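Student: My structure is below; once you've seen it, I'll send some questions.
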């Protein structure tokens, strides 16, 4: 599939990222004349931009430019050793920088939307840069260490004596302490509005993780929306696109899409 299947005009683009690699992306220009707000959309682990397509049409109809891209080692983007949440964040940084340079995009009204690992990456990026107007996080885990411990337990790997050195090795390999990149901690450094979306039946990342992140919010700019559905339920996200768009509209201080002259 491509944006064409959703009736969207688009162009394929190649975005440079770390290590002289490139990201495959679809750019859907805004349906408005002049610079418009834009959303960079990042998939989750083992997924790709195609899985996020259901959100492109409602965002476009609401007046947004949309960039859907594959992180390194995913989809049609370049391979580059191992993947990690910090590398997802690096790719999102470059995608946002690319968006900001487009003539039909308002660089002062950029938003990031991510799913799962992509959501955690979006929160990490937002904690580091202050030019984002909003962040939408769908099914983010609260802490990568807890996430990995759940994974090890599911595969019957005991934390002692095997699991602990595995986690230490992973931290060394990715070059970051888990606590420094954990959404439950990065949320406290974010200064733009944040929408946390989570499925009540998520068996991969329990909904309690969203509550943990929400409990650590720095102010009332963070909202929590719990929906029916599981970890990969794009159908629920599409059905509730209205809440997402209302959040984005309010965050960037614009009129609702039905008031725009399209």
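In my numbering, the protein residues as written are 153 to 414. We treat Cβ as the ideally placed atom computed from N, Cα and C, and that holds for glycine. This structure is a prediction, so every number in the text was calculated from the model and none was measured.
Hey, which unbroken runs of the beta strand (DSSP E) at 3 residues or more fall wholly within the stretch 165–230?
Tutor: Whole beta strand (DSSP E) segments, 3+ residues: 174–180, 188–194, 217–221.
Student: Where does residue 413 fall in DSSP's three states?
Tutor: In this prediction, residue 413 scores a pLDDT of 37, lower than 50, which makes its location untrustworthy; no coordinate-derived value is stated.
Student: Apply the 10 Å Cβ neighbour rule to residue 196 and answer buried if 16 or more other Cβ atoms are within range, or exposed otherwise.
Tutor: With 16 or more other Cβ atoms within 10 Å, it is buried.
Student: Going by CA-CA distance only, name the one from 217, 398, 266 that's closest to residue 185.
Tutor: For residue 185, the nearest C-alpha among the options comes from 217.
Student: Are the stretch 359–369 and the stretch 174–190 touching, with three or more C-beta to C-beta distances below 8 Å?
Tutor: Contact fails: fewer than three Cβ-Cβ distances are below 8 Å.
Student: Please state the DSSP three-state secondary structure of residue 408.
Tutor: Low per-residue confidence applies at residue 408: pLDDT is 40, beneath 50, and the placement is therefore not dependable enough to give any value.
Student: Please name the residue, chosen from 166, 402, 154, that lies closest to residue 250 on a Cα-to-Cα basis.
Tutor: Answer by Cα proximity: 166.
Student: Should residue 409 go down as buried or exposed, given a rule of 16 or more other Cβ atoms within 10 Å for buried?
Tutor: At residue 409 the pLDDT is 39, less than 50, meaning the model places this residue with poor confidence; the figure from the coordinates comes in the next sentence. Its Cβ being crowded by 16 or more others within 10 Å, residue 409 is buried.
Student: Within the same chain, show all residues whose beta-carbon is closer than 8 Å to that of residue 258, passing over the 5 residues directly before and after it, in chain order.
Tutor: Excluding positions up to five away in sequence, the list reads 187, 188, 189, 190.
Student: So the beta strand (DSSP E) residue 419 belongs to, where does it begin and stop?
Tutor: In this structure the chain extends from 153 to 414, so residue 419 is not present and cannot be described.
Student: Please name the residue in 339, 210, 343, 345 whose C-alpha comes closest to that of residue 391.
Tutor: Residue 210 is the option with its Cα nearest to residue 391.
Student: In chain order, what residues of the same chain lie with their CB nearer than 7 Å to the CB of residue 334, ignoring the 5 residues before and after it?
Tutor: 294, 295, 296.
Student: Using beta-carbon positions only, say whether residue 357 and residue 213 come within less than 8 Å of one another.
Tutor: It is not a contact, given that the beta carbons lie outside the stated cut-off.
Student: Let me check you understand the geometry: is the CB of residue 183 closer than 7 Å to at least one non-hydrogen atom of the ligand SAM?
Tutor: In the structure shown, the ligand SAM is absent, as is every other ligand, since no ligand is present at all.
Student: Would you please state the rounded distance, in angstroms, between the beta carbons of residue 286 and residue 378? I believe it to be under 8 Å.
Tutor: Actually they are not in contact, since the Cβ atoms of residue 286 and residue 378 sit about 19 Å apart, beyond 8 Å.
Student: Do residue 234 and residue 177 count as a contact pair if the criterion is CB distance below 8 Å?
Tutor: Contact flag unset, no.
Student: Pop quiz: residue 238 and residue 308 are said to be a contact at Cβ under 8 Å. What is the actual Cβ separation, rounded to whole angstroms?
Tutor: Contact flag wrong, Cβ pair sits at about 28 Å.
Student: Mapping DSSP to helix, strand and coil, what is residue 365?
Tutor: If DSSP states are grouped into helix, strand and coil, residue 365 belongs with the helices.
Student: Please state whether the Cβ-Cβ distance between residue 273 and residue 303 is less than 8 Å.
Tutor: Against a cut-off of 8 Å, the Cβ pair of residue 303 and residue 273 comes out as no contact.
Student: Taking a contact to mean a Cβ-Cβ separation below 8 Å, would you say residue 393 touches residue 352 in this structure?
Tutor: No; because the gap between Cβ atoms is not below 8 Å, this pair is not in contact.
Student: Please go through the same chain and pick out, in chain order, the residues whose beta-carbon is closer than 7 Å to the beta-carbon of residue 208, but skip the five residues on each side of it.
Tutor: Around residue 208: 155, 158, 160, 180, 218, 220.
Student: Taking the Cβ atom as the reference point for each residue, do residue 289 and residue 349 lie within a distance shorter than 8 Å?
Tutor: Yes; because the gap between Cβ atoms is below 8 Å, this pair is in contact.
Student: Under DSSP, the beta strand (DSSP E) around residue 378 begins and ends at which residues?
Tutor: Residue 378 -> beta strand (DSSP E) spans 374–379.
Student: Looking at the strands, I want to know which residues DSSP matches up with residue 163.
Tutor: Answer is 179.
Student: Who pairs with residue 286 in a beta bridge, going by DSSP?
Tutor: For residue 286, which the question treats as bridged, DSSP gives the partners 263.
Student: What do you reckon, are the CB atoms on residue 244 and residue 262 nearer than 8 Å?
Tutor: Cβ atoms of residue 244 and residue 262: not closer than 8 Å.
Student: Let's test the definition: count the other Cβ atoms within 10 Å of the Cβ of residue 413 and tell me whether it reaches 16, buried, or not, exposed.
Tutor: Low per-residue confidence applies at residue 413: pLDDT is 37, beneath 50, and the placement is therefore not dependable, though the value from the model is reported in the following sentence. Flag for residue 413 reads exposed.
Student: Locate the beta strand (DSSP E) running through residue 309, then write down its first and last residues.
Tutor: Looking at the DSSP string, residue 309 is not in any beta strand (DSSP E), and its letter there is neither H nor E.
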